[in-house]
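With the UniProt record's numbering, the residue at position 48 of the sequence shown is 48, and numbering never jumps. No residue lacks a Cβ here, since even glycine has one placed at the ideal position from N, Cα and C. Working notes, beginning with the structure itself.
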Amino acid sequence: MGRIVIDEMRCKGCGICTIACPKKLIRLCEKVNIQGYAPAEAPNQEQCTGCALCAEICPDVAITVFK
């Protein structure tokens with residue numbers, strides 16, 4: 001099982017990670033960060049395989065995946 005960590009301060013809410021995740025575990029948050037962006041969040045990580053596609057595609061290098 002993997003664990004997804006998203007740096008809310010780096011994330012600009014582009015949503016590319018939400019498309020990249022094969023299990024659709026990442027979504028955009030409803031709250032806004034200090035920079036005015038709605039960052040991504042991964043609230044249900046039980047099904048994460050640790051594939052790290054979300055981290056690889058993130059243009060802001062805001063996602064880290066641990067296996």
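In the three-state reduction of the DSSP assignment, residue 56 falls in the helix class, which pools H, G and I.
Three or more Cβ pairs closer than 8 Å define a contact, and the stretch 51-58 falls short of that threshold against the stretch 27-37.
Beta-bridge pairing by DSSP links residue 5 to 64. The C-alpha of residue 11 lies about 8 Å from the C-alpha of residue 63. Straight through space, the alpha carbons of residue 14 and residue 20 are spaced by roughly 12 Å.
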